[in-house]
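Number 253 marks the last residue of the sequence shown (UniProt numbering); no jumps.
All residues carry an ideal CB built from backbone N, CA and C; glycine is no exception.
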Amino acid sequence: MRLVMAEVFNSWQGEGGSVEGSAFGRRQIFVRFAGCDLHCIWCDSKGYIDASKVSLWRYEVEPFTGRFEYRPNPAPLNEVIDAVLRLDTGDVHSISYTGGEPTLQVKALRAMMEKMRELGFDNFLETHGGLPALIKEVAHLVDYASVDIKDETAGATEDWRGLVLREVESVKLLKEAGAKVYAKLVVTSETKTENVRWYAELLRGLAPLVIQPREPIEISQGRLMELYREAALILGRRNVGLSFQVHKYLNVL
Ligand SMILES: C[S@@+](CC[C@H](N)C(=O)[O-])C[C@H]1O[C@@H](n2cnc3c(N)ncnc32)[C@H](O)[C@@H]1O
Ligand SMILES: Nc1nc2[nH]cc(C(=O)O)c2c(=O)[nH]1
Ligand code: SF4
Ligand SMILES: [Mg+2]
């Protein structure tokens, strides 16, 4: 089995804040898949969105050094698993599957999650959740999931409302399968209060929400707190948190 990979590295989880299901501050091995079907205008992984343009993938040669070696795509699954295992520092909380969108290569994702679980690792899925039919194929292998709810201002797709409903469906499927799930909403100064209320209503009783300012941050702290309050009034005070991309401030991968 082969997959179109972007990179494999060892770092700590920089996102998720302190809500239940978050792995913020936990050491992980990150497996970044190439290719995505959405186009968020602020995506920080734009170079990996068109899988056909990712001719090489890279793996860190020594954990947490940022020193990489490059290999051609598509990568044999065994090669990717070897790259992950050489980064096992013995203190790894879970394997983070991110991208791009990892669920687009669901057969390889599933095979990899099966193998990593067999080896005793927990699986942490970072997904836009827009394809619940694919989520279904891996949900039973997911220990933790961070599911983005794409705000209207992300410009991710034409049918934004449809996307949000499918994302919430994915949250449900993952939760029913036993995963610890939270939703992540990236906000900008243009994010509408009424939209945040709508996301919160959809998530009520289902999963906690973290609100993550788009980087570089342009939303004011006052506005961020307004959105926090609106979400907490609907979801409950225990079910909302802020999340910042801390790895970007600390200059780690
Ligand atoms: C690159 S995405 C890959 C996983 C999946 N495609 C998704 O969007 O959830 C990983 C995470 O980074 C977040 N992210 C990407 N660019 C960002 C930015 N400029 N500011 C804040 N968060 C960002 C996404 O919202 C997502 O939660
Ligand atoms: N340190 C670190 N934490 C992260 N959390 C989510 C990431 C991602 O790109 O999915 C990410 C990432 O790329 N690096
Ligand atoms: S869904 Fe994720 S990877 Fe795809 S464009 Fe949006 S942030 Fe980037
Ligand atoms: Mg990132």
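Just mark residue i as buried or exposed, buried being the case when its beta carbon has 16 or more other beta carbons within 10 Å.
{"i": "T127", "result": "buried"}
{"i": "E158", "result": "exposed"}
{"i": "D50", "result": "exposed"}
{"i": "E194", "result": "exposed"}
{"i": "M116", "result": "buried"}
{"i": "E15", "result": "buried"}
{"i": "L125", "result": "buried"}
On the DSSP bridge assignment, give the partners of residue i in chain order.
{"i": "D148", "result": "K184"}
{"i": "I211", "result": "L185 and L242"}
{"i": "V31", "result": "V8 and Y97"}
{"i": "E126", "result": "S146"}
{"i": "R2", "result": "P76"}
For residue i versus residue j, is the C-beta distance shorter than 9 Å?
{"i": "L134", "j": "A108", "result": "no"}
{"i": "R71", "j": "E79", "result": "yes"}
{"i": "Y144", "j": "A179", "result": "yes"}
{"i": "V147", "j": "L104", "result": "no"}
{"i": "A183", "j": "V210", "result": "yes"}
{"i": "H93", "j": "A207", "result": "no"}
{"i": "W160", "j": "E169", "result": "no"}
{"i": "E101", "j": "D37", "result": "yes"}
{"i": "M112", "j": "W57", "result": "no"}
{"i": "I149", "j": "V84", "result": "no"}
{"i": "N10", "j": "F64", "result": "yes"}
{"i": "R32", "j": "T89", "result": "no"}
{"i": "E137", "j": "E60", "result": "no"}
Kindly list the residues whose CB is nearer than 7 Å to the CB of residue i, restricted to its own chain and excluding five residues on each side of it in sequence; keep chain order.
{"i": "I219", "result": "V187, T188, S189 and P213"}
{"i": "S55", "result": "P72 and N73"}
{"i": "A139", "result": "L173, L174, A177 and A179"}
Whose C-beta lies closer than 6 Å to the C-beta of residue i among residues of the same chain, with five residues either side of it excluded?
{"i": "K46", "result": "none"}
{"i": "V196", "result": "L227, E230 and A231"}
{"i": "L250", "result": "none"}
{"i": "V19", "result": "Y182, P208, V210 and G241"}
{"i": "D122", "result": "S94 and D143"}
Can you list, in chain order, the residues of its chain whose CB lies under 8 Å from that of residue i, leaving out five sequence neighbours each side?
{"i": "R166", "result": "G129, G130, L131 and P132"}
{"i": "I234", "result": "R197, A200, E201 and R204"}
{"i": "R26", "result": "W12, Q13, H93 and S94"}
Beta-carbon of residue i versus every beta-carbon of chain C: anything under 9 Å?
{"i": "I219", "result": "No chain C is present in this structure, which holds just one protein chain."}
Complete beta strand (DSSP E) runs within the stretch 95-120 (minimum length 3 residues, chain order): none
Completely contained alpha helix (DSSP H) runs for the stretch 32-96, where each covers 4 or more residues: 77-85
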